[in-house]
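Comments concern the structure below.
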Amino acid sequence: MVGFRWIQMYFLLLQITEPVAGQLVVFVTVRDGDEATLPCNSVMDDHENCDSTEWLFDDPRRTAAVLLVRDGQIHKAAKDKSDRLSVSEKCSLIIKNVTDEDVGRYTCRQLRSGRQQGPDALIYLFGVTMTEHEDDDEVTLRCSVKTYEGRYWGLYVGVALGLAALLIVVVVVVVVIVRCSKTRANRTRVDDTIVLTSNPAQSAPGERQDPADPEGVSYASISLPGTNSKARVRGSEDAVTYSTVNHPAADDNNLYATINQPKK
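In this text, residue positions in the sequence shown follow the working numbering: the first is 2, and each later residue adds one.
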């Protein structure tokens, strides 16, 4: 549906910072194809052109971390993506045109005379993909979040990932409601209820799990009635919309949001 394709172009950037065991940890979520800026919170104030900064990339598909930046310059070990990498004046790592291969843990380290200065700054980069599927009288928007699966992932990422998923759900629900109220006036619709579900690494209720879905990927789906079926015409655009977000106690990995519009 053309009216909803603009959501695929929506830029989503979520950053959460948490202190963990003397380390500075940042979680960054960015949409595929967009630009990500990874801050180096451990940079020294007296640096010159980031000459003391080193950036490492820990890819779970590899046994050893890859050196991306040394002395503020892109290292030859990162030649396969060097055209997409750059370092800012504040020593942040900038990644253009983010892909699934960029998802992982990044470490910003300060060195002087070969010795590390201060704690590492850890940045976890998540990738978000949004797709749309239209089936006659229903449009489904699917949001998948690819996450890092390192050895120490479960120690402190759980809370941040849950918050990220909740914020993604709320943002998507809000923008869909606003868009509907602006573009669907005087059109017919099958029902006045929009249901959104978010369930990490498994299908929405009533759907078959796709065996091709990789682990470490969270999904959110929105089902919207189309305009081809016969139904009553919407009334005033001033009608109040009620929204609830539920977090079931039985399973902390599930998030559900339901938006109900009053019957006419």
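All C-beta atoms, glycine included, are put in the ideal place defined by N, C-alpha and C.
For K147, the secondary structure class from DSSP, reduced to helix, strand or coil, is strand.
A66: not part of any beta strand (DSSP E); DSSP gives it neither H nor E. Within the stretch 92-153, complete beta strand (DSSP E) segments of at least 3 residues are found at 94-96, 105-113, 122-136 and 139-147, given in chain order. Distance from the Cα of R113 is smallest, within the candidate group E49, C41, V29 and T30, for E49. D84 sits in a helix when the DSSP states are folded into three classes. Q74 and D52 have their C-alpha atoms some 8 Å from each other.
Under a 10 Å Cβ-count criterion, E55 is classified as buried, with 16 or more other Cβ atoms of the shown protein chains found around its own Cβ. Residue D103 holds the alpha-carbon nearest to the alpha-carbon of R32 among D47, D103 and G119.
Between the alpha carbons of S83 and T38 lies a distance of about 15 Å.
The C-beta separation of L57 from V67 comes to about 7 Å, placing the pair in contact by the 8 Å criterion. In the DSSP assignment, E55 falls within the unbroken beta strand (DSSP E) covering T54 to D59.
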